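Protein chains in written order, with the UniProt record's numbering: chain B, 1 to 479; chain E, 1 to 479; chain R, 1 to 444; chain G, 1 to 444. Just so it is clear, CB atoms sit at the ideal spot from N, CA and C, and this is done for glycine as well. None of the values given here were measured: they were computed from a predicted structure. Encoded as structure tokens, the structure appears first; notes follow it.
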Amino acid sequence: MDLIFEIGSEGRKLSLLPKCDVPEVKVPESQSRKTALHLPHVSENELSRHYSKLAKRSHGVNDGFYPLGSCTMKYNPKVNEIAASFKGFTGVHPLQNERTVQGSMEVIKKTEDTLCEIAGMDAFTLQPAAGAHGEFTGLLLIKAYHVDRGDTKRTKIIVPDSAHGTNPASAAMCGFDVVSIPSQDDGCVDLDALRGAVGDDTAGLMLTNPNTVGLFDKNILQITKIVHDAGGLCYYDGANLNAVMGIARPGDMGFDAVHINLHKTFSTPHGGGGPGAGPVGCKEFLKQFLPGHHVAGDENEGFRYEIETKSIGAVKMFHGNFLVIVRALTYMLMLGKEGVPEASSNAVLNANYMRTKLDDLYEMAYDTTCMHEFVMSLEPLKHKTGVSALDVAKGLLDYGIHPPTMYFPLIVEEALMIEPTETEPKEVLDEAIVALRALYKEATDNPEALHSAPHNTVIGRPDEVGAARNTVLRYQWTD
Amino acid sequence: MDLIFEIGSEGRKLSLLPKCDVPEVKVPESQSRKTALHLPHVSENELSRHYSKLAKRSHGVNDGFYPLGSCTMKYNPKVNEIAASFKGFTGVHPLQNERTVQGSMEVIKKTEDTLCEIAGMDAFTLQPAAGAHGEFTGLLLIKAYHVDRGDTKRTKIIVPDSAHGTNPASAAMCGFDVVSIPSQDDGCVDLDALRGAVGDDTAGLMLTNPNTVGLFDKNILQITKIVHDAGGLCYYDGANLNAVMGIARPGDMGFDAVHINLHKTFSTPHGGGGPGAGPVGCKEFLKQFLPGHHVAGDENEGFRYEIETKSIGAVKMFHGNFLVIVRALTYMLMLGKEGVPEASSNAVLNANYMRTKLDDLYEMAYDTTCMHEFVMSLEPLKHKTGVSALDVAKGLLDYGIHPPTMYFPLIVEEALMIEPTETEPKEVLDEAIVALRALYKEATDNPEALHSAPHNTVIGRPDEVGAARNTVLRYQWTD
Amino acid sequence: MGSFVPNTDREQEEMLKEAGYKSFDDMFSCIPDEVRLKRPLNLPSGLSEMEAIREMEEISEKNVTFKHIFRGAGAYNHYIPAIVKSVTAKEEFVTTYTPYQAEISQGVLQSIFEYQTMMCELTGMDVANASHYDGATAAAESIPMCKDRKHKVAYVSSTVHPGTIQVMETYCFGSNTKLVQVPSKDGVTDMDKLAKMLKDDPEAACLVMQQPNFYGIYEDATKLGEIVHEAGAKFVMSVNPIALSVMKTPAECGADVAVGDGQPLGMPIAYGGPYLGFMAAPKSMMRKLPGRIVGETTDDKGNRAYVLTLQAREQHIRREKASSNICSNQALCALTASVYMAAMGADGMKEAATQSTSKAHYLMDALKKAGLKPMFSGEFFNEFITDCPCGSDKLLDALAEKGILGGLPLTENVVLWCTTEMNTKEEMDQVASIVAALISGKEA
Amino acid sequence: MGSFVPNTDREQEEMLKEAGYKSFDDMFSCIPDEVRLKRPLNLPSGLSEMEAIREMEEISEKNVTFKHIFRGAGAYNHYIPAIVKSVTAKEEFVTTYTPYQAEISQGVLQSIFEYQTMMCELTGMDVANASHYDGATAAAESIPMCKDRKHKVAYVSSTVHPGTIQVMETYCFGSNTKLVQVPSKDGVTDMDKLAKMLKDDPEAACLVMQQPNFYGIYEDATKLGEIVHEAGAKFVMSVNPIALSVMKTPAECGADVAVGDGQPLGMPIAYGGPYLGFMAAPKSMMRKLPGRIVGETTDDKGNRAYVLTLQAREQHIRREKASSNICSNQALCALTASVYMAAMGADGMKEAATQSTSKAHYLMDALKKAGLKPMFSGEFFNEFITDCPCGSDKLLDALAEKGILGGLPLTENVVLWCTTEMNTKEEMDQVASIVAALISGKEA
């Protein structure tokens, strides 16, 4: 379809602004723009239709099953959107004085308190805007802790080889060296390798539990103890928290800091890539390093801002992705004490249900109870038929199903990582099971068809190599 | 796709209402329901996806060209929706006292005043909910007028044979006998026939001008004079007002009463069939018969309700489709003095542009300047190729274009009536012209393909005869 | 000025030229000079979007919106689930028109078919149409369905909403139908008088009654139906759709037509509209049902498909004899009702109904204790009438000061109260204490 | 309690059984008992939707929203066209994630490609990424792009927004980067000092400056760029996207990286987020650009198609050496900005910019007449600083009483004012008269 620059015509426009009611002042000549500015010139009708077309060429959770492993694509309740649209939230300036933003501060306080209870932490900051941003923030806390104690030789962060790609990247951004430790055959941390890796240069460990292969590491208490005994801190990557809310808490597993993805676990929409929110929680001894304004007080005495004594500063301007937080709090209020563990229980149930309905055909990377997601290895299928994980993923597109995460974690060959979430009804799981079984059969009977899948989408497989080689990253006007 | 009754399962639900905080009281046994109540049992996710699917199987103005003649499918500005969503409008009870609904009353007053000026009328009621409802209301005014004067023998309403189908039906609902008069070859009222039809039993004439073949009746002043001379009144069907706003006014043409379709001329959305609004205007001498509460006063002195002395009563509970009126007023405020005639000028221009780009190929029912719409007769094409107006209309579906109105007006054989509206850019008209020309060629080259069109829609041609014969009008549960 | 015309002046010039005109004036030369408007419209200059939205917002703020609402009488403040607005704002539904072209309108058609099904379920009837303008016009349009050559006189109980009666009167003025009001006794239809009136009138075509009636009281609908049918007339019930989830259905009461206003099913009170008229009937009345109806059929490949059907009944055929002219209806409101009912489910609907009546009973008890007296003793659903010895206006003003919209003042000393699941115990206690203070002469 | 789990208890039982578990407890037996939470969460019981929405609404009403806003400092109250909300609320955009699967994500991908193009146009640059968290983090992330083995020290002008500087400091703490502030003189970067500092520092990697700067004043960016480039460092400009429509572009000023906050492009002020960080650069910096980037390519049939590209730069390859970890971004905000820019068009953007600066000048004149003195004489865009002899708090309280959010108090006696096209002459006159009354000691 056309780009928005290819429709409309010069002079078309919307009628948005009134005439200026004061004398016109121009930018001084020395400061004024010389380059022509090309922007779309369309009427509202054309604009509206353009984006309607784009919307039809997109697939959201609302359009069907979206079992993208490690992304927790759960249903986004509409009530969240209503809460986030209240004028009282959208219409306040971030730099208003405390007296006039008691509502926003209450939102922050309530969200922090709820997250503390769920994660088993003592304090939270809502400033980080995304999961990776939370990792960065959490590691800065760890860094600040060691620096504050004058323990400057702790320069290494231990990361299992199954980790999310952002973990080592976050560590690198914090100036740490990354020590990668291998996983055992069962996908869990190799305790001996960990013992061998820790030392007086250990700043900390980054881990997610359940881990990225979907298993709960049974040695978790030993793991965190090994790190603590060596003087390091333990950071919990909350990407997989949806499996264990109300069942087990990072704080109780021995973690010192944690980030949580509100856009995964707490149902705020993913927005095509963001905005999310990656609040960071910590134990009491790390609280003094938290960034940004901390909200203290309560409803009765009023809320006030406080800045931690040894704050790392700020990881973002203002108070985080506030409207995302509003959505998450709305969800938390609805779930409450009973609903939070119910969500996790069913996330895990849905994953195990799918796993056991597929494990006779597909090879499971780890053939045991999984948490909220599970990983299949398509290596045997590929060996037999030449059909890869990518081919099966593309085949799913023709069933109207968003493919699972492909080729992650890196320690599983031809990985497909499936996370159904708790908001999918049994029938949707059954349909996906039927589709995956059919694709297995098709891989055996007619592998060629799968190599060229998908067949029913608005485009076929794109040339990604060409895109990276011959980069076209913007539309160019010819005039 | 599945009906909503065919998805979900018993016991699934949303979490909407709190527990009751007062002692429960049941409906008395003698009054209580015995029949099982079947309603959908779905989660919010399933519900949301169901309607997303339905939406994708629907085509609105926002999805593409919609030149449905006589329906004025113009673009629906988003600003209208924002105005209609203000809590101050949605949250007031219709039976609040005047003091507390000054805003709503101002909306009504401003809308009435604007419509008076555009239509050349002296008063308006906003109570009617649709065009046909307006016709009914307008005819009741005429009836009340004659009755009030004791002129009870005036029982006939004259309607040209080109009229909208609702005209005679409305007349019948008002207890009038309908006298149909033929049109001339040029599509206009046959003056001699009219002279022959009027008499002391004439209650009035119903007419739209521009008429339903898209032409402005050049004899309009003679027409209304003939009726008036005979003691009848003239009613203006405002369905085609979009052609002449600010150019010519029904009041100046000699009409005594008029209805206006806010959902056509004033850009409020059609909503899949409604709600619309069909305000009725009249000259001063009919004002005393208007239904409902009339809003008097102004911003300074305050607004107040008044009831007309000889009011016909009410044609609807409360104050009309109020939120539709809010949308229309927003649009009127934006267009203003200059924008209103600009809209009509371009509606007429777009129609004539399309007409002149097609008239070498397609036979125009009336080969002269049209107003905001024009009628083609596919009779010659059908004679030559066997391809009917219906076939061409169905062929357009495969181009993503909503077909024109088919087989109306009744006086043109194999009619297709095209109304592009002013909100379509030239390119959209050009694309439709190309499509219609291609269909003409296809009709000649490969008529069979068109007999079975459309080919790219979610269903093919439905069996309408079967639907009417073997009526299935609801889903039936088997339990 | 604001404009939604995309084509630029230059493009308009070109198009004029291509269409063979020198100018817009030239194009409009087909309009006789005598009727051309020779002056600009006497309207304000057009506004930008920013100005228009500001003006509309300012106007909206001149209304007073109440946090707590105890007024019903045809407009009920029920909870509207978040999903309802989200679905009904979808532009594919909002910007389309009547689904004349079934191939690209299956979504709208199926949604109407589902709506019809749900209305049939609620009322217990076999067929429902795609909507009327509101409950009052639906009631008015039921009369012609019941009339025939021998049966020409319509009856309506005086316990029907006065607004409904007024609309019926206006419609009857149109169709030259005699409309007779049946008196009430103790807040319900006087059955003895009704029986006598019908017995004396061989031309009686129908009785229209309301359940629960305007005063909130349950009528003995089954008995009324029997009386009406004995007289050879049709029995029309105007019903509250929320109440239907727990109450005897019109079908169970033997009704020939069920009508009502669907506003409680997810529509905001919004100063009275748009609301939703609904109408349902037994199969025997199918071909008399006015308005649009969607039917199931198959397409040319045998797939299930939906189409507008039974269109031959009105303005299309024998239009000059039509008994209804309805064309545009309240489709988006019907969609709203469908989404509402699907979101609530049968259990949710029953819960809303039960809470509404439970709270009405709690409020009445509280008001009684505060010193008001109920006017009738009949069992009621979610509305009831009390006296108001301190004066309706004074009471309502006192409530308004606290952000509460009290009941509807029927007279200077009589108020019609209403509750829904939206009213909390706390706010009802507050109402009662304000009332008690007024009655005892002290400020609350 | 509220729940979004569709499966009923019975269905859950069945599924447990089919998956081979006796119970949820059994399923969770893989979690060591020592870390199982043995008590219910200490949270309130879950609420129904109706209660939750009421609670959130009540909380929102505890905030004070001002009708007239004269505060900017990183959050600007520009007009948001109606179409913006309507488009960005489309659930296909809202509920999807990063477009990993191009075949079913062409809509999102194309929208990002269009966004990149518009940001390139605004900044004059060749490439732009798909978004950062906000302007401050974009500024912070520009530093690693400029660093190499020899150039390790970052400079930032002290006229940059203090919030931005703070975020840069925090990021630099992480990456062990020395960050040096360049002093200001007369409200702009002190060029002489800058030149000297850079000359003395062979390790200088970059200067980050803001245009217009935190005080609203135009810097001589071209000159600054020359000084920076002479020292062999990179020149990073943090810019206001509305101003860019009429101001010298970063490209024209010779910038190596342009960053900024896109909030003015259609996002509400919303207590600070979500906003939009943007970043653009010349082609030479392309492979250093962090974050996601969409490129044009073709599909297997030769059709135009869009994909995520250049993904090899960060966490995917050599992730332990990554200089950025950005993954989730602010995609929906980028879409918002695109729709805003498409709605405004170049002319509309210029109009917003010109009105914003025109009104700032009108307000400054009015405040001068009322008795306030500007702190600096430099030309300004839509923000400026005055003294406040009567005390900032007193002045702001007086304005707040009239529903006006005054400028940002920088100290007890200094205020940073801001205007946009949303401020009318009338409200500015009102501000001036309140100020005048306070200064003269009389109440307004």
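Pairing Leu47 of chain E with Thr268 of chain B, the inter-Cα distance amounts to about 18 Å. Short of 6 Å from the beta carbon of Gly395 of chain E, and not among the five residues preceding or following it, lie these beta carbons of its own chain, in chain order: Leu439, Leu450, Ala453. Listed as beta-bridge partners of His259 of chain B by DSSP are B:Asp237, B:Val280. When 7 Å is used as the limit between beta carbons, Glu103 of chain R is near no residue of chain B, the shortest such separation being about 17 Å. Sixteen is the threshold: when 16 or more other Cβ atoms of the shown chains lie within 10 Å of the Cβ of Phe24 of chain G, as they do, the residue is buried.
At the C-beta level, Ile157 of chain E and Ala144 of chain E stay beyond 8 Å of one another. Considering only B:Ala123, B:Gly339, B:Leu194, B:Asp200, the residue with the shortest C-alpha distance to Leu207 of chain B is B:Leu194. Taking 8 Å as the upper bound on Cβ-Cβ separation, chain E lies near residues Tyr79, Pro81, Ile83, Ser86, Val87, Ala89, Lys90, Glu91, Glu92, Phe93, Val94, Thr95, Thr96, Tyr97, Thr98, Pro99, Tyr100, Gln101, Ala102, Glu103, Ile104, Ser105, Gln106, Gly107 of the region 78-107 of chain R. Rounded to whole angstroms, the Cβ separation of Leu122 of chain G and Leu244 of chain G is 5 Å, and the two are in contact under 8 Å. The three-state reading of DSSP puts Leu399 of chain R in helix, counting H, G and I together. Restricted to the region 286-352 of chain R, not a single alpha helix (DSSP H) segment is unbroken, complete and at least 4 residues in length. At least one beta carbon of chain G lies nearer than 8 Å to the beta carbon of Thr423 of chain B. For Thr444 of chain B, the enclosing alpha helix (DSSP H) starts and ends at 426-445. Near chain G, meaning a CB-to-CB distance below 8 Å, the residues of the region 27-45 of chain E are Val42, Ser43, Glu44, Asn45. Under the Cβ distance rule, Asp63 of chain B counts among the residues neighbouring chain E, one pair being separated by less than 8 Å. For a Cβ distance threshold of 7 Å, nothing in chain E lies close to Phe173 of chain G: the least Cβ distance comes to about 43 Å. Around Gly199 of chain B, the same chain offers Ala230 as residues with beta carbons nearer than 7 Å, after the five sequence neighbours per side are excluded. Within 10 angstroms of the beta-carbon of Leu141 of chain B lie 16 or more other beta-carbons, which makes it buried. Nearest CB-CB separation between Gln102 of chain B and chain G: below the 8 Å threshold. Take Leu396 of chain G, set aside five residues on each side of it, and the residues of its chain with a beta-carbon closer than 7 Å to its own are Gly406, Pro409, in chain order.
Per DSSP, Phe124 of chain B is one residue of the beta strand (DSSP E) stretching across 123-125. Sequence-distant partners of Lys109 of chain E (beyond 5 residues in either direction) whose C-beta falls short of 7 Å from its own C-beta, in its chain, are Val295, Phe303. Runs of alpha helix (DSSP H) with 4 or more residues, each lying fully within the region 75-138 of chain B, are found at 78-84, 87-90, 102-119, listed in chain order.
Lys74 of chain B has its alpha-carbon roughly 24 Å from the corresponding atom of His132 of chain G. From the listed residues E:Ala248, E:His38, E:Pro28, the smallest Cα separation to Trp477 of chain E is found for E:His38. The beta-carbon of Arg71 of chain R is placed less than 8 Å from the nearest beta-carbon of chain E.
Nearest CB-CB separation between Arg36 of chain R and chain E: below the 8 Å threshold.
Inter-residue distance for Gly131 of chain E and Ser433 of chain R is about 49 Å (C-alpha atoms, whole angstroms). Ala258 of chain R sits away from Gly272 of chain E, with the two beta carbons spaced by 8 Å or more. Interface flag for Ser388 of chain E against chain R is unset, since no Cβ pair is found closer than 8 Å. Using a Cβ-Cβ cut-off of 8 Å, Arg474 of chain B does not count as an interface residue toward chain E, since no Cβ of chain E sits closer than that to its own.
In the structure shown, Asn62 of chain B adopts helical secondary structure according to DSSP, grouped into three states. The C-beta separation of Pro291 of chain B from Ala314 of chain B comes to about 5 Å, placing the pair in contact by the 8 Å criterion. For Thr411 of chain R, the enclosing beta strand (DSSP E) starts and ends at 408-411.
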